[in-house]
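Residue numbers (this note's numbering), protein chains in the order written: chain A, 42 to 314; chain B, 2 to 300.
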């Protein structure tokens, strides 16, 4: 198992797409969480976060600000990472190379999951690490106190962020295996995350009670509820407290396990052609 | 079924994809230390069979054993199936490092197999920049990582230039000489004829022949062209027996050992028959292959 994790880590770390996704995640996170809202505040132009003002950009809001993007846009990038990890093996035909070395498919798959989940953790920590100096610079610039969240809050935030990131990453892995490639799983995954989730939340749920109830069981709204419980701004896309934080964490964890199990079952059962 | 310990053994191995039967009740045995040629036209089921041997494709029914074990274990087995497949953004060396990790073999083997396939000089280059022949050699290197007792090679000379093909043949010979069992699938008859101890011919998913190359090619015979042909046929029948002589394409096929050529020649010349051609004839493996698979020999 350790050898397989080494192999998967080497593949992931040396892959340019991994670093491109990380760079995009950090850029988007800092730009839309700090730079644009601060520019709006400084210019007095208003906007989505204008009502929260400067307080929303300060270090004590680091947890909510860092994980607020995970239900939608950071989640999308995590999903792409998962698809690339598993779907790339189909696209390049490398499953046969791997599985003729060790035919224990579930062992190889478990190593892949461990690796992408560790990558998801690294991604979440990197978002926190990028947000911290951004919020500190804003606090210093505006001559405000730099009060940081407590260690427990930070750990809870990183843990919750990792749980959501891992869920999307493993969903990407499942889609890559189910659809045996990269392009279609990325396309379908993004349509779900960026379009269908929003349509359900903004159009269908207000009109239909059963859709509103169903939202309480879907992965996106639960991810949104979890980050909302930890202080993410409600004006961030996908952040809405449809259920409590505890329930949301349990549902997200359940999805993570179900996605992982489904991916393993498919990989184990199907022929590698 | 009895205990199976041969490097490769299948019993009634069958694979169906929907209503199409790709491999039909295949009984195959590859003995320890031999180079076994696996021949068959496109779509005969060769690659599906190899994939079943390696656990990549699950049989619909039947049984596979490698060294007596089910294909869930591939200890001591190396394979190159249907062309090499690696990560294009990694170097050749890093691709082999990844493969070595998956195989659970020491990283030191990477340098050894790179050297074996003569890729050390380009090992640091990205796989995406490799020529087809270099990719093929890297695939063979991966197959050798486990220092295997059984190597399964599916069309290993595909994409190689003549020098590369010669190198690959040398490699297969060396593997065989070192006691490694080689299962070689190829559509190149000369390659199989030159390298293999035994040959299995697959057609329509079934094993239609399995024998040594020499047995498949059959006995060598004599070909005779003489004038007048009728008189030559009568004299030859009197000498060799009626069944041994066939008139074909303006000449005679004589089903006798080539060492009787001088005797035949003397008898015909002595009877006043002008012999213009007398030569030994041997059926090629290709002719045997087409005879068994129902193909033609025109191309």
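The beta-carbon is built from N, C-alpha and C at its ideal position, and this holds for glycine as well. Remember, it's a predicted structure, so these values are computed and weren't measured experimentally.
In chain order, what residues of the same chain lie with their CB nearer than 6 Å to the CB of residue i, ignoring the 5 residues before and after it?
i: residue 218/A; result: 127, 304, 307 and 308
i: residue 80/A; result: none
i: residue 272/A; result: 104 and 105
i: residue 313/B; result: No statement about residue 313/B is possible, as the shown extent of chain B runs from 2 to 300 and does not include it.
i: residue 130/A; result: 136
i: residue 155/A; result: 46
Helix, strand or coil: how does DSSP classify residue i here?
i: residue 47/B; result: helix
i: residue 192/B; result: helix
i: residue 296/A; result: helix
i: residue 217/A; result: helix
i: residue 201/B; result: strand
i: residue 80/B; result: strand
i: residue 64/B; result: strand
i: residue 276/B; result: strand
i: residue 254/B; result: strand
i: residue 38/B; result: strand
i: residue 178/B; result: helix
i: residue 51/A; result: helix
i: residue 162/B; result: coil
i: residue 217/B; result: helix
i: residue 156/B; result: coil
i: residue 72/A; result: helix
i: residue 135/A; result: coil
i: residue 284/A; result: coil
i: residue 248/B; result: strand
i: residue 182/A; result: helix
i: residue 264/B; result: helix
i: residue 86/B; result: coil
i: residue 312/A; result: coil
i: residue 299/B; result: Any reading at residue 299/B must be qualified, since the residue scores a pLDDT of 41, below 50, and its modelled position is unreliable; the value itself is stated next. Here residue 299/B sits in coil by DSSP.
To the nearest angstrom, report how far apart residue i and residue j are at their CA atoms.
i: residue 121/B; j: residue 108/B; result: 14 Å
i: residue 181/A; j: residue 83/A; result: 14 Å
i: residue 310/A; j: residue 113/B; result: 35 Å
i: residue 109/A; j: residue 201/A; result: 11 Å
i: residue 152/A; j: residue 228/A; result: 25 Å
i: residue 196/B; j: residue 69/A; result: 60 Å
i: residue 233/B; j: residue 280/B; result: 15 Å
i: residue 61/B; j: residue 14/B; result: 8 Å
i: residue 173/B; j: residue 44/B; result: 25 Å
i: residue 64/B; j: residue 125/A; result: 35 Å
i: residue 257/A; j: residue 242/A; result: 11 Å
i: residue 74/A; j: residue 114/A; result: 12 Å
Beta carbon of residue i, beta carbon of residue j: below 8 Å?
i: residue 84/B; j: residue 126/B; result: no
i: residue 151/B; j: residue 182/B; result: yes
i: residue 140/A; j: residue 148/A; result: no
i: residue 24/B; j: residue 50/B; result: yes
i: residue 28/B; j: residue 12/B; result: yes
i: residue 255/B; j: residue 241/B; result: yes
i: residue 10/B; j: residue 74/B; result: no
i: residue 87/B; j: residue 77/B; result: no
i: residue 274/A; j: residue 283/A; result: no
i: residue 289/B; j: residue 180/B; result: no
i: residue 99/B; j: residue 48/A; result: yes
i: residue 210/A; j: residue 267/A; result: no
i: residue 89/B; j: residue 129/B; result: yes
By Cβ distance, which residues of its chain are closer than 8 Å to residue i, with the 5 residues on each side in sequence left out?
i: residue 193/B; result: 38, 40, 185, 187, 200, 214 and 286
i: residue 82/B; result: 48, 51, 52, 55, 57, 153 and 155
i: residue 190/B; result: 40, 285, 286, 287 and 290
i: residue 285/A; result: 266 and 270
i: residue 224/B; result: 252, 253, 254, 255, 278, 279, 280, 281 and 282
i: residue 144/B; result: 79, 80, 81, 152, 153 and 154
Under 7 Å Cβ to Cβ from residue i, same chain only, skipping five residues before and after it: list those, please.
i: residue 169/A; result: 103, 107 and 199
i: residue 142/B; result: 97, 114, 115, 117, 118 and 120
i: residue 298/B; result: Residue confidence is low: residue 298/B scores 43 on pLDDT, short of 50, so the model does not pin down where it sits. No coordinate-derived value is stated.
i: residue 160/B; result: 133, 134 and 137
i: residue 300/B; result: Low confidence applies to residue 300/B: its pLDDT is 38, below 50, so where it sits in the model is not reliable enough to give any reading.
i: residue 149/B; result: 77, 78, 79 and 181
i: residue 294/A; result: 204
Less than 7 Å separating the Cβ of residue i from some heavy atom of the ligand PLP?
i: residue 44/A; result: For the structure depicted, the ligand PLP is absent and the ligand set is empty, with no information on it obtainable.
> Residues in the region 55-72 of chain A with C-beta within 9 Å of chain B's C-beta atoms, listed in sequence order?
Replying inline: Here the close residues are 55, 56, 57 and 58.
> Going along the chain, which residues of the region 93-114 of chain A sit with their C-beta nearer than 9 Å to a C-beta in chain B?
Replying inline: Look at the region 93-114 of chain A: it has no residue with a C-beta under 9 Å from a C-beta of chain B.
> Using a beta-carbon distance cut-off of less than 7 Å, what residues from the region 100-117 of chain B approach chain A?
Replying inline: So the close ones are 100, 102, 103, 104 and 105.
> Mind listing which residues of the region 48-74 of chain B have their C-beta closer than 8 Å to chain A's C-betas, in chain order?
Replying inline: Here the close residues are 52, 55, 56, 57, 58, 59, 72, 73 and 74.
> Which of the residues in the region 127-145 of chain B, read from start to end, lie with their CB under 9 Å from any CB of chain A?
Replying inline: Cβ contacts with chain A come from 140, 143 and 144.
> Which of the residues in the region 146-168 of chain B, read from start to end, lie with their CB under 9 Å from any CB of chain A?
Replying inline: Per Cβ criterion, the list reads 146, 147 and 153.
>> Counting only Cβ-Cβ distances shorter than 7 Å, please list the residues of the region 122-143 of chain A near chain B, keeping chain order.
In response: If the cut-off is 7 Å between Cβ atoms, the region 122-143 of chain A has 133, 134, 135, 137, 138, 139, 140, 141, 142 and 143 near chain B.
>> Output needed in chain order: residues of the region 301-313 of chain A with a Cβ under 9 Å from some Cβ in chain B.
In response: Answer set for the region 301-313 of chain A: 310, 311, 312 and 313.
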